[in-house]
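Asker:
In our numbering, the protein residues as written are 390 to 626.
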């Protein structure tokens with residue numbers, strides 16, 4: 390679409406930045422994630438619609454924040470103003486997010502996950518091992534630029550075991566459920582006239598996903614227990 394940056398019209402636009410510095414010295418491969426998204430998404434946004442544009446922007450932001458090494462090469466943000474916040478907590482700069490990782494910034498320290506005990510690499514390996522793929526979709530957009538508010542869904546099938554370092558010698562171990570886990574949230578993004586992100590505020594229950602992933606958690610003696618968690622956004626039965 391004329392006048393719009395490529396990261397607004399192509400969800401994989403930044404993967405063409407082959408001259409940028411990427412983690413592991415290579416452009417990441419999103420083929421499996423993209424396939425799972427196409428097969429499992431619950432909403433289809435018409436090309437050119439606000440939902441389609443927002444989805445493309447966020448998908449490119451995630452790729453850059455997760456895999457690019459240099460803040461000055463992240464095209465989806467205004468580096469001079471960018472900051473990120475979850476549930477009204479601490480604001481993170483782009484440099485902080487590149488250091489700790491998107492998972493740690495999104496989840497933080499909870500009963501079932503300790504971002505303070507996990508670095509960027511540890512956090513990404515944990516979810517890659519536990520989930521076959523981890524897809525994301527925009528469900529609904531409530532307002533357009535410059536302040537964009539939208540509801541989203543993040544989901545995947547748990548095909549691998551979970552192992553979380555909780556600190557003080559404690560670990561959370563849980564066997565794969567082979568079930569779909571999903572979490573829902575609302576994000577408010579402020580963008581400039583170039584559609585670069587200046588600010589992201591996300592609101593959701595960080596423990597919801599971990600409760601689902603730890604459904605088959607083991608006791609300290611190694612026995613397996615079965616527990617369940619309810620998504621706070623799910624309608625009452």
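Every residue, glycine too, gets a C-beta built ideally from N, C-alpha and C.
Would you call residue 415 buried or exposed, if buried means 16 or more other Cβ atoms sit within 10 Å of its Cβ?
Answerer: Classification for residue 415: exposed.
Asker: Determine the extent of the beta strand (DSSP E) in which residue 434 is found, giving its start and end residues.
Answerer: No beta strand (DSSP E) contains residue 434, which DSSP labels as neither H nor E.
Asker: Note down, one range per segment and in chain order, each beta strand (DSSP E) of at least 3 residues found wholly within the segment 443-531.
Answerer: Complete beta strand (DSSP E) runs here, min 3: 472-475.
Asker: Would you please state the rounded distance, in angstroms, between the beta carbons of residue 543 and residue 571? I believe it to be under 8 Å.
Answerer: The pair is a contact, with the Cβ atoms about 7 Å apart (cut-off 8 Å).
Asker: At the level of alpha carbons, what is the spacing between residue 495 and residue 531?
Answerer: If I take the Cα positions, the gap works out to 22 Å.
Asker: Report yes or no: do the segment 461-469 and the segment 581-590 share at least 3 C-beta pairs separated by less than 8 Å?
Answerer: Cβ pair count under 8 Å is three or more, so yes.
Asker: Alpha carbon to alpha carbon, what distance is there between residue 435 and residue 441?
Answerer: Using only the alpha carbons, I get a separation of about 6 Å.
Asker: Rounded to whole angstroms, how far is the Cβ of residue 516 from the Cβ of residue 492, which I believe are closer than 8 Å?
Answerer: So it is a contact: roughly 6 Å between Cβ atoms.
Asker: Which residue's Cα is closest to the Cα of residue 636: 453, 523, 512?
Answerer: Given a span of 390 to 626 for the chain in the structure shown, any question on residue 636 remains unanswerable.
Asker: Entirely within the segment 526-573 and at least 4 residues each: give me those alpha helix (DSSP H) ranges in chain order.
Answerer: Whole alpha helix (DSSP H) segments, 4+ residues: zero.
Asker: Just the C-alpha distance for residue 445 and residue 401, rounded to the nearest angstrom, thanks.
Answerer: Taking the straight line joining both Cα atoms gives about 8 Å.
Asker: Using 10 angstroms around the beta-carbon of residue 526, count the other beta-carbons present and answer buried if the total reaches 16, otherwise exposed.
Answerer: With 16 or more other Cβ atoms within 10 Å, it is buried.
Asker: Leaving out five residues on either side along the sequence, give the residues of the same chain with a beta carbon under 7 Å from the beta carbon of residue 332.
Answerer: In the structure as shown, the chain starts at 390 and stops at 626, and residue 332 therefore has no counterpart that could be examined.
Asker: Let me confirm a value: residue 458 is counted as buried when at least 16 other C-beta atoms fall within 10 Å, else exposed. Which label applies?
Answerer: That one is exposed.
Asker: Residue 510: which of 477, 404, 412 sits nearest, CA to CA?
Answerer: Out of 477, 404, 412, 412 has the C-alpha closest to the C-alpha of residue 510.
Asker: Quick check: what's the CA-CA separation for residue 533 versus residue 582?
Answerer: Approximately 12 Å between the Cα atoms of the pair.
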